[in-house]
Amino acid sequence: MAEDIKAKLEKYRTAPFDARFPNQNQTRNCWSNYVDYYRCQKALDAKGLDTQPCEWYKRVYKSLCPISWIQKWDEQREDGTFPGKI
Amino acid sequence: PLPVRKQQIYTDLQQLLLLHSKLKKENLIPLFIFISGGATMSVLALTRAALKNPDVSWDHKNNPEPWNKMEPNQQYKLLAVNMDYSKLKKDRPDF
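Protein chains in written order, with my numbering: chain A, 66 to 151; chain B, 1413 to 1507.
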């Protein structure tokens, strides 16, 4: 599984088609991957596992999200005002 | 024009038919068909969106993120052009 992730990350070009978000508005796609990255980190840290698989989500949200949104959310997470559930 | 003595209350449709005697209500049937068809389709579209759209959540406690319940090859759109849903597989790592 870890080797799959490494291989996938090596071959990564851009965010793949996601059936959950088939339309033009990809806002939720960006949000979902951002939140999933931090949830994945939290979950795998709690289990004591390597968080390398979580990098997939980070690559996807970096491809999709406007940089200003990422900065805003990072600041909100530091302040503790992030609206999502992580 | 109606005779003044025979002033009765007619609906607009009745007045129209009265004045233009060649018109019949039957000629308006296609109009009613299209209007009712359009109304039905819009109601169906709204209920489909309310019930099936993965962005919609009526119960925030039990269904907070309904888009995460979709299969990787599940199609929501009614018509998808150039997209072979059967070939999609799950991409994302589990955690």
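C-beta: ideal position from N, C-alpha, C; glycine also.
Close Cβ partners of residue i (< 7 Å) along its chain, the five nearest in sequence each way excluded
i, result
"residue 1462/B", "1468"
"residue 93/A", "86"
"residue 138/A", "99 and 147"
"residue 1487/B", "1497"
Minimum Cβ-Cβ distance from residue i to chain A less than 8 Å
i, result
"residue 1499/B", "no"
"residue 1503/B", "yes"
"residue 1470/B", "no"
"residue 1485/B", "yes"
"residue 1507/B", "yes"
Whole-Å CB distance - residue i paired with residue j, under 8 Å assumed
i, j, result
"residue 104/A", "residue 151/A", "5 Å"
Neighbourhood of residue i by C-beta, 8 Å cutoff - its chain only, sequence neighbours within 5 removed
i, result
"residue 1500/B", "1484 and 1485"
"residue 116/A", "105, 106, 109 and 110"
Interface residues of chain A facing residue i [CB-CB closer than 8 Å]
i, result
"residue 1489/B", "87 and 88"
"residue 1467/B", "93"
Chain B within 8 Å of residue i, Cβ atoms only
i, result
"residue 131/A", "no"
"residue 96/A", "no"
"residue 109/A", "yes"
"residue 138/A", "no"
"residue 121/A", "yes"
Within chain B, the residues that residue i reaches when beta carbons sit closer than 7 Å
i, result
"residue 78/A", "Under the 7 Å cutoff, chain B gives no residues; its nearest Cβ is about 13 Å from residue 78/A."
"residue 148/A", "Here the premise fails: no neighbours, minimum Cβ distance about 13 Å."
Residue i burial status per 10 Å Cβ neighbour count (16 or more: buried)
i, result
"residue 121/A", "buried"
"residue 83/A", "buried"
"residue 97/A", "buried"
"residue 1493/B", "exposed"
Partners in chain B for residue i, counting only beta-carbon separations shorter than 8 Å
i, result
"residue 72/A", "Ordered by position in chain B, no residue passes the 8 Å Cβ test against residue 72/A, which lies about 12 Å from the chain."
6 Å CB neighbourhood of residue i in its chain, flanking five on each side removed
i, result
"residue 125/A", "80 and 98"
Listed by chain order, chain A residues near residue i by CB distance under 7 Å
i, result
"residue 1482/B", "84 and 85"
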